[in-house]
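Undergrad:
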Amino acid sequence: MNEQETLAGLAEIVNEVAGVPLSDIVAEKAFIDDLDIDSLSMVEVVMAAEDKFGVKIPDEEVKNLRTVGDAVAYITANAS
Amino acid sequence: MMDSSDQWIRERSGIIERRWAATDESVVDMAAIAGANALAAAGVDASDIGTVLCATVTHPYQTPSAAVEIAERLGARAAGSTDLSSACAGFAYGVGIADALIRTGTSEYVLVVGVEKLTDFVDPSDRSTGFIFADAAGAAVIGPSDVAAIGPTLWGGDGTQTEAIILDPDWVTHRKLIAAQVETPWPRLQMQGQAVFRWAVGDIPRVALAAVEAAGLTVDDLDVFIPHQANMRITDSMVRTLKLPERVVVARDIATSGNTSGASIPLAMSRMLEAGEIESGQTALLIGFGAGLSYAAQVVTIP
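Chains as they are written, first to last, in the working numbering: chain A, 762 to 841; chain B, 90 to 392.
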């Protein structure tokens, strides 16, 4: 899976969990600061991403995923 | 009282208001009222009650049980009574046990009460718990029927997460600290919010589906969904994951009642009936989940 596909898949998840418009979900945007996603929604986004992409995203890793781009890079690198 | 804001609280939990018992109002006081209401609604006499089950974790006595006192207050002189400690899953555990007692012929009528005075054990200045928890009691009389109105109860838990929701310090530690003249808070509720959230939205929907299946149904057969009122965000997530049809009435009582642990399911059901949001004869899924961690679920026909 390439980064484009990961981004599209992740955008779907964020849109479904937190109602953020798909067009707003771009690499530079920060989950908490720009997209207004709180820690409870992040739990759901992470769980859905683990399911969709077949990755494990441990809690210590989640705090490093500040932007959509960070998450896309991590998922693309670790997806099975 | 605590450093927070209405907006933050609403976004985080969906809670707008919550109800707190008076300082001199006890778990038994609240339960007796709910119990009397349930007996009246069922048209059953207290003397016909064979068992009183009181689901609570906030009766401030290790012994005697709240249930024995509740039975006495109601005049249920023929009842065997006992408390049931399963926190937010307590009422659903109670329904399951009552169902089994009646099917085996142990009792004809069982009074199940879910009651909590969480404000006795919550630090109101704790930003993570002070705004969530509240006090309430709800009760139901369960009795024999020609047509099964309670589906199989599915229950279980995760004993690896006992620390996720706990009262801290425990009484023995509290006693030692007092004796050593070390400052110690009263045992108060501590919750690892994110771990509990993850478990509730990740694992509990599977249990919900299993309970529906065990009743020989699919989610399309449900009219009503009454999950323990833990947090509106958890309820929303479950509704999405379960793909509940739009027409299913979902309990959202937490908005004005807060999280009342073992009382939340019967409280929600009672209020939805009073408001005409649900009616007798409808098919409802009840699911409780919380400290333990533990859960219990069953499909029932709304009384």
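Here a beta-carbon is modelled for each residue, glycine too, at the ideal position from N, C-alpha and C.
1. According to DSSP, what are the bridge partners of B/S170?
2. At least one CB of chain B closer than 8 Å to the CB of A/D794: is that the case?
3. Who pairs with B/N348 in a beta bridge, going by DSSP?
4. Residues of chain D with a CB under 7 Å from the CB of B/Q318: which are they?
5. Let me know the beta strand (DSSP E) ranges lying completely inside the region 236-270 of chain B, each 3 residues or longer, listed in chain order.
6. Tell me whether B/M280 sits in a helix, a strand or coil according to DSSP, three-state version.
7. What does B/F378 pair with, by DSSP beta-bridge criteria?
8. Can you tell which of B/V204, B/D188, B/L207 has its C-alpha closest to the C-alpha of B/Y198?
9. What's the gap between the Cα of B/V337 and the Cα of B/T152?
10. Mind reading off the beta-carbon distance from B/A385 to B/G377? Whole number of angstroms is fine, and I expect it under 8 Å.
11. Along the chain, where does the alpha helix (DSSP H) containing A/K813 start, and where does it finish?
12. Please report the residue range of the alpha helix (DSSP H) in which B/F180 lies.
13. What are the boundary residues of the beta strand (DSSP E) that includes B/E205?
14. Apply the 10 Å Cβ neighbour rule to A/L783 and answer buried if 16 or more other Cβ atoms are within range, or exposed otherwise.
15. Would you please verify whether the beta carbon of B/R322 is less than 8 Å from any beta carbon of chain A?
16. A/M808 touches chain B at which residues, Cβ-Cβ below 9 Å?
17. Would you kindly work out how many angstroms separate the C-alpha atoms of B/P316 and B/L374, rounded to a whole number?
18. Examine chain B for any beta-carbon lying closer than 8 Å to the beta-carbon of A/V804, and answer yes or no.
19. Closer than 9 Å, Cβ to Cβ, to anything on chain B: give me those residues from the region 769-799 of chain A, in chain order.
20. Just checking, does the region 99-111 of chain B make contact with the region 330-345 of chain B on the three C-beta pairs under 8 Å criterion?
21. Inspect the CB distances between the region 177-185 of chain B and the region 149-168 of chain B and report whether three or more fall short of 8 Å.
22. When you compare only the Cα positions, how much space is there between A/D795 and B/L200?
23. Which residues in the same chain have their Cβ closer than 7 Å to the Cβ of B/T273, if we skip the five residues on either side of it in sequence?
24. Consult DSSP for B/G227 and reduce its assignment to one of helix, strand or coil.
25. Between the alpha carbons of B/V261 and A/I818, how many angstroms are there, rounded?
26. For B/P334, count neighbouring C-beta atoms within 10 Å of its own C-beta (all shown protein chains included) and say buried if the count is 16 or more, exposed if not.
27. Ends of the beta strand (DSSP E) at B/V337?
28. Should B/D224 be labelled buried (16 or more other beta-carbon atoms within 10 Å of its own) or exposed?
29. So, using beta-carbon positions, are B/V301 and B/V290 closer together than 8 Å?
30. My understanding is that B/I277 touches B/V328, with C-beta atoms under 8 Å, so please give their C-beta distance in whole angstroms.
31. Does the structure place the region 219-233 of chain B close enough to the region 104-113 of chain B that three or more beta carbon pairs sit under 8 Å?
32. Given that B/R101 touches chain A, what residues does it touch there, using C-beta distances under 8 Å?
33. Is there a Cβ of chain A sitting closer than 8 Å to that of B/S417, yes or no?
34. Hey, A/K813 and A/G780 are a contact pair by Cβ (cut 8 Å); roughly how many whole angstroms apart?
35. Beta carbons nearer than 7 Å to chain A: which residues of the region 250-265 of chain B have them?
36. Indicate the three-state DSSP secondary structure (helix, strand or coil) for B/P355 in the structure shown.
TA: The short version:
1. According to DSSP, which records beta bridges pairwise, B/S170 is partnered with B/V141.
2. Contact of A/D794 with chain B is not assigned, every C-beta pair being separated by 8 Å or more.
3. In the DSSP output, where bridge partners are listed per residue, B/N348 has B/F222.
4. Absent from the structure is chain D; the protein chains it does hold are A and B.
5. 243-246, 254-257
6. strand
7. B/Y384
8. When only C-alpha atoms are compared, the closest one is B/D188.
9. 41 Å
10. B/G377 and B/A385 do touch by the CB rule: their CB atoms are close to 5 Å apart, below 8 Å.
11. Residues 800-814.
12. 179-192
13. 198-206
14. With fewer than 16 other Cβ atoms within 10 Å, it is exposed.
15. yes
16. R287, V290, G291
17. Here the alpha carbon of B/P316 sits roughly 8 Å from the alpha carbon of B/L374.
18. Yes, A/V804 lies at the interface with chain B (some Cβ there is under 8 Å from its Cβ).
19. Shown in chain order are the members of the region 769-799 of chain A whose Cβ falls below 9 Å from a Cβ of chain B: E777, V778, D799.
20. yes
21. no
22. 52 Å
23. P258, H263, L266, I267
24. In the three-state reduction of the DSSP assignment, B/G227 falls in the strand class, which pools E and B.
25. Those two C-alpha atoms are separated by around 39 Å.
26. exposed
27. No beta strand (DSSP E) contains B/V337, which DSSP labels as neither H nor E.
28. buried
29. no
30. In the sequence as displayed, the identity of residue 277 of chain B is Arg instead of Ile. With 8 Å as the limit, B/R277 and B/V328 do not qualify as a contact, their Cβ atoms being about 31 Å apart.
31. In the pairwise beta carbon analysis, the region 104-113 of chain B is classified as touching the region 219-233 of chain B: at least three pairs are separated by under 8 Å.
32. Residues of chain A passing the Cβ test: D799, L801.
33. The requested residue 417 of chain B does not occur in the structure, where chain B is confined to residues 90 to 392.
34. The Cβ separation is near 18 Å, so there is no contact.
35. Within the region 250-265 of chain B, no residue has its Cβ closer than 7 Å to any Cβ of chain A.
36. DSSP, read as helix, strand or coil, puts B/P355 in helix.
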